[in-house]
Amino acid sequence: HHMSARPAVKVFSRTSVVANGLERQAFNLINSERAKMGLSPLVWDGELCQVARYHSDSMGRLNFFDHEGPDGTNLLDRVTARGIMWKSMGENIAYNQGHDDPAASAVDQWMHSPKHRANILRGNYTHSAIGITRTADGRVYLTQVFIMR
């Protein structure tokens, strides 16, 4: 009998999370890009915000930039750990430093990258959130999680 050692994923308390200023700004910019294409706006989801913030915090704290954490966990693991129900999901990450407007800079980066742009403009995504971390030395990490419920 073999038990695989799956890495443990931190489980969060179920609270409603309100976007901070930078997260709200980036989220609104994403929805205006969707509106330009005639798509319905994404609905802010507090649980997805906790998933996104956790990943941004990890990237900032552990100094990596990837969809997969150093412990091998990915978006599926992070969403599953919270018991979030989904039919389809995606994730965008961005990193910048030294920008006056890190939210607008990240959305601009995403819109100029075909894969990231595809997530933003995917019509079947219904709920989303952005989690942003700023490190002491001024690095800004952004994670946006998208799901179709």
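Taken in order, the sequence shown gives residues 1 to 149; the numbers are from this note's numbering. All C-beta atoms, glycine included, are put in the ideal place defined by N, C-alpha and C.
Keeping to the same chain, check which residues put their C-beta closer than 8 Å to that of residue i; ignore five residues upstream and five downstream.
i: Ser128; result: Phe27, Ile30, Leu42, Val43, Trp44, Asp45, Leu48, Gln144, Val145, Phe146, Ile147
Measure from the alpha carbon of residue i to the alpha carbon of each residue in the options, then state which is nearest.
i: Thr133; options: Ser88, Lys36, Ser58, Thr126; result: Ser58
i: Asn124; options: Leu39, Asp77, Gly98, Asn20; result: Leu39
Ordered along the chain, which non-local residues of its own chain (more than five positions away) have a Cβ less than 7 Å from that of residue i?
i: Trp110; result: Asn92, Ala94, His116, Arg117, Ile120
i: Met85; result: Arg149
i: Pro70; result: Leu62, Phe64
i: Glu68; result: Asn74
i: Ala106; result: Ala26, Ala94, Asn96, Leu142
Taking buried to mean at least 16 other C-beta atoms within 10 Å of its own C-beta, is residue i buried or exposed?
i: Gln50; result: buried
i: Gly60; result: buried
Within the same chain, show all residues whose beta-carbon is closer than 6 Å to that of residue i, passing over the 5 residues directly before and after it, in chain order.
i: Leu75; result: Glu91
i: Leu151; result: Outside the displayed span of the chain (1 to 149) sits residue 151, for which this structure offers no information.
i: Gly138; result: Gln97
How many whole angstroms separate the CB atoms of residue i and residue j, which I take to be in contact at a CB cut-off of 8 Å?
i: Gly131; j: Arg53; result: 3 Å
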